[in-house]
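Beneath this line is the structure, given in structure tokens, with notes to follow.
In the numbering used here, the protein residues as written are 115 to 563.
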């Protein structure tokens, strides 16, 4: 199989030993990493293709562990609302979703994927409906993804049967895909998914041997509901029902009582922190440091861009780090190195992909990004083999430093130019779809009035 040599000024592997090489090289064979090491070891060797990434830092691609790609249509529309409460979500989002049309979805997803690629994301976890329109676009983008069919049932038996049937059809259709994995996506246990729906969602996850991607503890509503109806907290009820035995991607996890942390640490549970969305909605701040010290896996996500409003995971790392220092009243309460790992290997573990991606190691998939060392934001004479580079990546670099993106050994972005998506065309069509969306909502309000 042909080999490709990549040489860069510095390579951060973000493996468990935090190995780095400055300067470094990486050899690709097909879609996997065959070698990684210091450039001094290359003397006299030749490869089928050789690429010098001058003045570039090479690192694993970032993993956005929670978003809703079609909701780029709603960017800027939810400012008066906290999307972390049922009422705010219903007024700020659900009323717009009620007038969505299927033909608006593809261009929204294309714009979202393009923004993620441009800012260094190589893998993401999505949760939404219209998966038959989402999946082809994600496939075309070249990104790796865990796509969860979103289910909002509200105790409606007809809706439950319809949505679970659609979810099963989607999961069947995506089985065996090399980059895309289907998940089950209850919007929120107990709040808008009834006990019967939960029972069937667990059975569906078991049938397709996959995980569940849902919202948890955004405002304490689940906790209050469970104590009122079941006489215990939400985590205890989840354990009683066997939910915790499945692979779980729990978005936000803000108000989980600290006494439940040891319980969650015993299970394949990941808390996905979306710090920017938390701040924009005026929510409480998740006890990230205490959760990670208890042994809970932590990943980072942007949430939807009506609630963030950006897909830039570098911005998300910076916001998370600063917010945790503010919460704990301690500088660098969570070290930059740990924040980087949450945005890479933490996300990979969450999705069950830790043996495939999340770090640059021999045998893993070639999912990587490069950043320009010529752009603003780097420390003067930064030691590229030391911790200064980690600090810069978390606190001063942005996604606009990203120059190249590769997934599965294929370039999605080269020198800042998209190779798999036509952003300008998708953006133009998205703008037209937004005009239609506003007109449909206005007409619906007129008729409803």
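For each residue, glycine too, the CB sits at the ideal point set by N, CA and C.
No experiment lies behind these values; they were computed from the predicted model shown.
Nearest neighbour of residue i, chosen from the options [CA to CA]
i	options	result
residue 440	420, 309, 398	398
residue 384	360, 391, 390	360
residue 139	515, 482, 555, 505	482
residue 423	182, 492, 295	182
residue 433	443, 420, 392, 470	392
residue 224	543, 549, 551, 558	543
residue 331	198, 527, 159, 524	198
residue 317	297, 302, 515	297
residue 312	489, 233, 299	299
residue 86	528, 319, 159	Residue 86 is absent from the structure shown; the chain starts at 115 and stops at 563.
residue 217	379, 260, 547, 460	547
residue 251	276, 241, 222	222
residue 519	513, 512, 527	527
residue 395	421, 380, 376, 386	421
residue 241	263, 235, 233, 234	263
residue 374	342, 344, 410	410
residue 149	494, 480, 493	480
residue 522	503, 146, 354	146
residue 380	408, 137, 400	408
residue 369	400, 351, 382, 377	400
residue 537	209, 254, 119	254
residue 486	514, 309, 341	514
residue 554	541, 210, 505	210
residue 275	494, 295, 315	315
residue 196	333, 120, 143	333
residue 258	286, 270, 292	292
residue 137	324, 154, 295	154
residue 469	220, 338, 530, 130	130
residue 270	460, 307, 280, 244	307
residue 335	344, 348, 324	348
residue 289	456, 220, 323	323
residue 309	294, 351, 219, 372	351
Integer-rounded CB distance, given that residue j should sit under 8 Å from residue i
i	j	result
residue 184	residue 248	7 Å
residue 450	residue 464	That pair is no contact at about 20 Å.
residue 388	residue 416	6 Å
residue 284	residue 302	Between residue 302 and residue 284 the Cβ distance is about 20 Å, and since that is not below 8 Å, they are no contact.
residue 564	residue 358	What the structure shows of the chain is the stretch from 115 to 563, and residue 564 is not part of that stretch, so it cannot be assessed.
residue 458	residue 176	6 Å
residue 474	residue 128	7 Å
residue 535	residue 525	Rounded, the Cβ-Cβ distance is 13 Å, inconsistent with contact.
residue 511	residue 491	5 Å
residue 340	residue 304	6 Å
residue 425	residue 235	7 Å
residue 431	residue 467	Their Cβ separation, rounded to whole angstroms, is 19 Å, which puts residue 431 and residue 467 out of contact at 8 Å.
residue 390	residue 429	7 Å
Where the beta strand (DSSP E) through residue i begins and ends
i	result
residue 168	163–174
residue 241	235–242
residue 143	138–143
residue 302	Counting along the chain, residue 302 falls outside any beta strand (DSSP E), and DSSP gives it neither H nor E.
residue 121	117–126
residue 149	146–152
residue 278	Premise fails: residue 278 lies in the alpha helix (DSSP H), 271–288, not in any beta strand (DSSP E).
residue 208	Residue 208 -> no beta strand (DSSP E), and no H or E assigned at all.
residue 517	516–521
residue 528	524–528
residue 326	326–330
residue 366	362–366
Range covered by the alpha helix (DSSP H) that runs through residue i
i	result
residue 91	Only positions 115 to 563 of the chain appear in this structure, which leaves residue 91 out of reach.
residue 309	309–321
residue 505	502–509
residue 232	219–232
residue 486	Per DSSP, residue 486 belongs to no alpha helix (DSSP H); it is in the beta strand (DSSP E), 482–486.
residue 264	Taken as a continuous stretch (DSSP letters only), residue 264 belongs to no alpha helix (DSSP H), being part of the beta strand (DSSP E) at 258–265.
residue 252	245–255
residue 348	348–354
residue 573	Not covered by the structure: residue 573. The range shown for the chain is 115 to 563.
Any contact of the region 155–169 with the region 188–204, i.e. 3+ C-beta pairs under 8 Å? Under the Cβ criterion (8 Å, minimum of three pairs), the region 155–169 does not count as touching the region 188–204.
Check whether the region 401–412 touches the region 201–209, counting contact only when three or more Cβ pairs, one atom from each stretch, lie closer than 8 Å. Taking 8 Å as the limit for Cβ pairs, the verdict is that the region 201–209 does not touch the region 401–412.
Entirely enclosed alpha helix (DSSP H) segments - the region 447–472, minimum 4 residues: Within the region 447–472, the runs of alpha helix (DSSP H) at least 4 residues long that lie entirely inside it are, in chain order, 450–456, 459–464.
Count the CB pairs spanning the region 227–234 and the region 364–372 that are closer than 8 Å, and state whether there are at least three. No, the region 227–234 is not in contact with the region 364–372.
At least three beta-carbon pairs within less than 8 Å, the region 122–130 to the region 168–175: Yes, the region 122–130 is in contact with the region 168–175.
Mind listing, in chain order, the continuous beta strand (DSSP E) runs of no fewer than 3 residues lying wholly within the region 175–206? For the region 175–206, whole beta strand (DSSP E) runs of length 3 or above, ordered along the chain, are 176–181.
Beta strand (DSSP E) segments (min. 3 residues) lying fully within the region 370–423: You should have 383–387, 411–414.
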